[in-house]
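Data block below; observations after.
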Amino acid sequence: MRLRSEIWVSAYLRRCQAQAVPVVIVRRGDSEAGAIFISIDRLDGTVCLYGPAPAGLEGSDTDRRWVRCLDGKAATPQEVSIYLARQIEFDPDLWIIEVEDRAGRHFLDGDLVRA
714 MRLRSEIWVS AYLRRCQAQA VPVVIVRRGD SEAGAIFISI DRLDGTVCLY
764 GPAPAGLEGS DTDRRWVRCL DGKAATPQEV SIYLARQIEF DPDLWIIEVE
814 DRAGRHFLDG DLVRA
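Per the numbering used here: the sequence shown = residues 714 to 828.
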């Protein structure tokens, strides 16, 4: 059984704050099972976006796994906004978390699926 989205987000916020990294909830989704997207703003005009890995991966039924969205490339804030708007049309219950970190740290180590 997977952790509720609300609990996972709360723990993720604490992890970022413990590293003195600014983080905010941009959009609050469903507390039980809302998909979570994490936007990493590098403060240089580029953003990396991480979202849920496709279903069916080993461990995805009990743990959250992540992939880098937008073909794995850094994007502009506008491109990320357009992508997320499309995702919201598909799933209005999703969460959006925004992290500001010049180093681009995402704090998803061990759970990130690399292509």
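Heads up, the beta-carbon is just placed ideally off N, CA and C, and yes, glycines get one too.
Here the C-alpha atom of Arg717 lies approximately 32 Å from the C-alpha atom of Gly758.
DSSP places Ser752 in the strand class (E or B) of the three-state scheme. A contact between stretches requires three or more CB pairs, one per stretch, nearer than 8 Å, and the stretch 802-809 meets this requirement with the stretch 742-750. Pairing Val826 with Ala788, the inter-Cα distance amounts to about 19 Å. Secondary structure at Cys761: strand, using DSSP grouped into helix, strand and coil.
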